[in-house]
Each structure stands twice: as C-alpha cells, then as structure tokens.
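Trainee: Per the working numbering, the sequence shown starts with residue 154, numbered consecutively. Each residue gets a CB set at the ideal place from its N, CA and C atoms; glycine is no exception.
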Amino acid sequence: MVFSSQTIHQLLSQSSEQRQALRQVYGRLPTTRCRRRTLCCSLLPEMTLVEALSVIQLLANMTTPNQIKLSRGLVHYFFLNAVEIAFCPFLDGDACLIYADRFFGCRAYGLWSRRYYEEQVARSREAKRLNQQQWEGLGVSLPQAVVDFQLPYCSQVEIEGDVRIDDQELLNVLDTVETISGQFEAWHLSFRQRYFSDLSFLLASLTFGMAEAVRLKFETVRDILSTGKRDRLAEAVEGLPNLWMGLR
154 MVFSSQTIHQ
164 LLSQSSEQRQ
174 ALRQVYGRLP
184 TTRCRRRTLC
194 CSLLPEMTLV
204 EALSVIQLLA
214 NMTTPNQIKL
224 SRGLVHYFFL
234 NAVEIAFCPF
244 LDGDACLIYA
254 DRFFGCRAYG
264 LWSRRYYEEQ
274 VARSREAKRL
284 NQQQWEGLGV
294 SLPQAVVDFQ
304 LPYCSQVEIE
314 GDVRIDDQEL
324 LNVLDTVETI
334 SGQFEAWHLS
344 FRQRYFSDLS
354 FLLASLTFGM
364 AEAVRLKFET
374 VRDILSTGKR
384 DRLAEAVEGL
394 PNLWMGLR
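1) Taking 9 Å as the cut-off, decide whether the C-beta atoms of phenylalanine 354 and phenylalanine 231 are in contact.
2) Starting from glutamate 322 and walking both ways along the beta strand (DSSP E), at which residues does that stretch end?
3) Can you tell me whether threonine 185 is helix, strand or coil according to DSSP?
4) Could you tell me the alpha carbon to alpha carbon distance between glutamate 313 and threonine 201, rounded to whole angstroms?
5) According to the Cβ coordinates, are leucine 250 and asparagine 214 closer than 9 Å?
6) What is the DSSP secondary structure of glutamate 199, reduced to helix, strand or coil?
7) Comparing C-alpha positions only, which one of Gln273, Ile209, Lys281 sits nearest to valine 299?
8) Could you check where the beta strand (DSSP E) with valine 299 kicks off and where it finishes?
9) On the DSSP letters alone, give me the boundaries of the beta strand (DSSP E) that valine 310 sits inside.
10) To the nearest angstrom, how far is it from the Cα of isoleucine 318 to the Cα of leucine 182?
11) Anyone know if the C-beta pair for valine 310 and glycine 263 falls short of 9 Å?
12) With a 10 Å radius around its C-beta and 16 neighbouring C-beta atoms as the bar for buried, classify glutamate 271 as buried or exposed.
13) Measuring only the C-alpha atoms, how far is arginine 188 from tryptophan 340?
14) Roughly how many angstroms lie between the CA atoms of leucine 323 and threonine 329, to the nearest whole one?
15) Who are cysteine 249's beta bridge partners in DSSP?
16) Could you check if glutamine 285 belongs to the surroundings of the ligand FAD, using beta carbon to heavy atom distance under 8 Å?
17) May I ask you to verify whether the stretch 349-368 touches the stretch 170-177, counting CB pairs closer than 8 Å and requiring at least 3?
18) Going by DSSP in three states, cysteine 194 sits in which element: helix, strand or coil?
19) Between cysteine 241 and glutamine 286, what straight-line distance do the alpha-carbon atoms span, to the nearest angstrom?
20) Assign lysine 370 to buried or exposed, taking buried as 16 or more other Cβ atoms, counted over all protein chains shown, within 10 Å of its Cβ.
21) Can you tell me which of the three DSSP states alanine 235 falls into?
22) Tell me the residue span of the alpha helix (DSSP H) that contains tryptophan 340.
23) What three-state label does DSSP hand valine 367 in the structure shown?
24) Whose CA, out of Phe337, Cys307, Ala389, Leu378, lies closest to the CA of glutamine 441?
25) Name the residue from Glu365, Leu295, Ser266, Val367 whose alpha carbon lies nearest to the alpha carbon of isoleucine 377.
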C-alpha cells in the first residue's frame with residue numbers, strides 16, 4: 154500500500170482520538186532537561202505512523218513559509234542522509250520546532266540504561282552495514298564515517314522531580330505507542346515496511362512518487378560522491394510543491 158496526499162488527508166481526519174491517546178501515553182514519561190541541549194539532534198528518528206501523523210498535522214497548521222522551509226529540510230534530509238550527517242530537519246538553531254510533539258525516540262534518548270542503549274546501537278550498526286552492502290550492489294560506496302556514525306550514550310539527561318523510569322517501563326510505553334498506531338493496521342505496516350518508519354521518505358514519496366524519489370536519491374548520492382555536484386538536488390528542491398496547504 155502506497156500513501157498519497159488523499160490517504161494522508163483521510164488518516165488525519167480519522168486519527169484525532171489516536172493522536173490524543175498518543176499525547177496521554179507520552180505523559181507517562183518523565184520531564185527531562187539536558188545540558189547538551191540539541192547537540193545530539195543529528196538524526197531524524199524512526200517513528201510509528203501515528204507519530205508521523207501528529208507531526209504532519211502540525212505542518213498542516215503552520216504558516217506557508219514554515220511549511221516550505223520544513224518540507225525542503227525533510228527532502229534534503231532524505232536525499233543526503235546516506236552521504237553526510239546533518240542535523241534533524243526540525244531543529245532550528247538550538248530549538249526543536251516540534252518539541253511538544255517530538256517522537257518517542259527523542260523522548261527516550263538519555264533515559265535508557267547504558268547496557269540497553271548499547272544493545273540498540275549494535276542492532277542499528279548491523280542494519281546500517283546491510284544498507285551499505287545494498288548500495289555497494291548498485292555500485293555506490295557510501296562514506297564509512299556516515300555508515301559508522303552512532304549517537305553516543307548520553308549521561309547528561311536529567312529527570313525533573315522524583316520520577317524514575319527503567320528500560321521495562323520505556324518498552325511498555327513504546328508497546329502502547331505501537332498498539333495505538335496499529336489501529337490503522339495496513340497503513341501502519343506500510344509506513345514501517347515500505348517507508349522504513351522514515352517521515353522524510355514519506356514526504357519525498359508524496360512529492361515525487363515513490364519510484365521517482367528512490368531514483369532521485371540514488372542519482373543524487375552518486376553525483377555527490379563522484380563529482381561533488383548537487384545540481385540535481387537543488388533542481389528538485391526548487392520546484393517543491395507545498396503539500397500541506399490542502400491538509401488544513
């Protein structure tokens with residue numbers, strides 16, 4: 154199942170209850186502060202469909218200049234994340250533009266135990282190596298520094314108040330988020346399996362079509378690595394339509 158703008162519009166109209174439930178589930182996580190403040194916001198985390206819909210609704214409600222700015226940032230991220238480490242598209246200076254609705258991956262960072270976090274890093278590293286092999290099968294060698302990049306364990310996240318949380322409770326919250334998102338059944342699975350839980354891939358696919366988005370990404374990455382040129386990317390972004398106007 155492939156998403157379209159019409160699909161997104163229908164899912165938004167049907168998901169207000171689930172998005173409200175998501176906010177309530179997030180309330181089970183403690184309020185935190187971090188002295189590093191956004192220095193670790195180098196990646197757009199994986200997310201569930203309901204989390205993506207919550208942020209898409211935010212985008213739909215923004216002013217047109219902000220919609221265009223964030224759309225371009227997300228498309229840039231999709232095309233470039235294989236060749237460079239960039240900041241999260243929702244980061245503006247030292248502020249998160251969607252902080253109140255940020256994803257579970259952002260909220261849980263710094264709350265996992267070191268042991269469990271390192272286990273997650275090992276799984277992520279293996280997935281990135283498989284992705285590297287797929288690119289090599291297409292004749293493209295990705296920068297090793299990008300393939301090897303992982304956010305380090307953060308010990309500077311501080312919980313406000315006396316609330317404490319452990320790995321099991323974090324997993325329970327994540328399971329609840331998955332259950333809420335799973336109410337959309339086939340679309341939930343499609344977002345995970347076809348779009349790899351990646352909002353930037355979803356946006357690029359809505360803009361160009363899935364097959365064309367994949368083709369453009371391959372050609373952009375190949376051009377950058379072989380010649381350093383980004384003309385193809387600049388051309389694609391310059392003509393980017395505003396998908397969010399019709400979703401208000």
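Mentor: Looking at the atomic coordinates:
1) Yes, Cβ-Cβ distance for phenylalanine 354 and phenylalanine 231 is below 9 Å.
2) Where glutamate 322 is concerned, there is no enclosing beta strand (DSSP E), although the alpha helix (DSSP H) it sits in stretches over 320-334.
3) strand
4) 27 Å
5) no
6) coil
7) Lys281
8) Element bounds for valine 299: not the beta strand (DSSP E) but the alpha helix (DSSP H), 297-301.
9) 310-312
10) 8 Å
11) yes
12) exposed
13) 38 Å
14) 10 Å
15) Leu244
16) Inclusion of the ligand FAD in the displayed structure is not the case, the ligand content being empty and no account of it being possible.
17) no
18) coil
19) 25 Å
20) Flag for lysine 370 reads buried.
21) coil
22) 339-346
23) helix
24) With the chain represented from 154 up to 401, any question about residue 441 goes unanswered, as that position is not in the structure.
25) Leu295
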